[in-house]
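Numbering (our numbering), first residue to last: 44 to 137.
Just so you know, even glycine gets a beta-carbon here, dropped at the ideal spot from N, CA and C.
All values derive from a computational prediction rather than experimental measurement.
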Ligand SMILES: [Zn+2]
């Protein structure tokens, strides 16, 4: 890996959930990031710790459709404890 990587608390890769990233230029005036682990480039919005309602609903639906918590975690980019937290709050069950 040639690019310098930086650990960021406020942004997270939507694919693998990694907080390691390298800057990847700008898009529409906003900083773009490149994941230091899987190499995906993304804009920080939607990658913050607090899941948006749409992402959360999608995760809950995945879980109700039989996906495991770790699969939901991978899909949404949020940690397993975070996913468990919103499943519990939403009363989701298999
Ligand atoms: Zn990644």
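Inter-residue spacing [alpha-carbon to alpha-carbon] between residue i and residue j
i           : j           : result
residue 52  : residue 69  : 20 Å
residue 55  : residue 132 : 23 Å
residue 76  : residue 47  : 12 Å
residue 49  : residue 97  : 28 Å
residue 104 : residue 124 : 17 Å
residue 91  : residue 109 : Note that residue 91 scores 47 on pLDDT, short of 50, meaning its location in the model is unreliable and no value can be drawn from it.
Assumed close pair residue i, residue j - CB separation to whole angstroms, cut-off 8 Å
i           : j          : result
residue 120 : residue 58 : 7 Å
Which listed residue (the options) has its alpha carbon closest to that of residue i
i          : options            : result
residue 61 : 72, 98, 85 and 103 : 85
residue 82 : 72, 64 and 73      : 64
Chain B contact for residue i (CB, 8 Å cutoff)
i           : result
residue 102 : Of the protein chains in this structure there is only one, and it is not chain B.
Any alpha helix (DSSP H) of 4 or more consecutive residues that is wholly inside the segment 59-136: As for any alpha helix (DSSP H) of minimum length 4 sitting wholly inside the segment 59-136, the runs are 96-107, 112-119 and 123-133, ordered along the chain.
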